[in-house]
Amino acid sequence: MHESEQQPDVVVAAKVASEIEANLIVAALVEHGIEARAVGGLTSGFRTEAPGKVRVLVRAEDAADAAAVIDAVLVAAAEIDWSQIDVGEMED
Numbered sequence: 450m451h452e453s454e455q456q457p458d459v460v461v462a463a464k465v466a467s468e469i470e471a472n473l474i475v476a477a478l479v480e481h482g483i484e485a486r487a488v489g490g491l492t493s494g495f496r497t498e499a500p501g502k503v504r505v506l507v508r509a510e511d512a513a514d515a516a517a518v519i520d521a522v523l524v525a526a527a528e529i530d531w532s533q534i535d536v537g538e539m540e541d
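Residue numbers (this note's numbering): 450 to 541.
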């Protein structure tokens, strides 16, 4: 394999329980210019003794930036006061 054909080193930036959560993290990373991918979604929903986690992968060179973005997203999510959010009425 030629050097130009080698894949970049990737690292796990996050491990989460659901594919939805992983996709939200991937979207936030992409919005900040960090290429990311969620893997493991097929096994995350298994109802077994050891359910899988969905991993969010980024290039090793982007790991520090990805960690900062993920931390910022988690802080922002924790600060949402859902009692002040109008989510509409439940349909019958």
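Don't be surprised by glycine CBs; every beta carbon is placed ideally from N, CA and C.
Annotation: Val536 is outside any alpha helix (DSSP H) and is labelled neither H nor E by DSSP. Nearest C-alpha to Val522 among Arg486, Val475, Trp531, Glu510: Val475. When rounded, the separation of the alpha-carbon atoms in Leu478 and Asp541 is 37 angstroms. Going by beta carbons, Lys464 and Arg504 fall inside the 8 angstroms limit. For Ala462, the secondary structure class from DSSP, reduced to helix, strand or coil, is strand.
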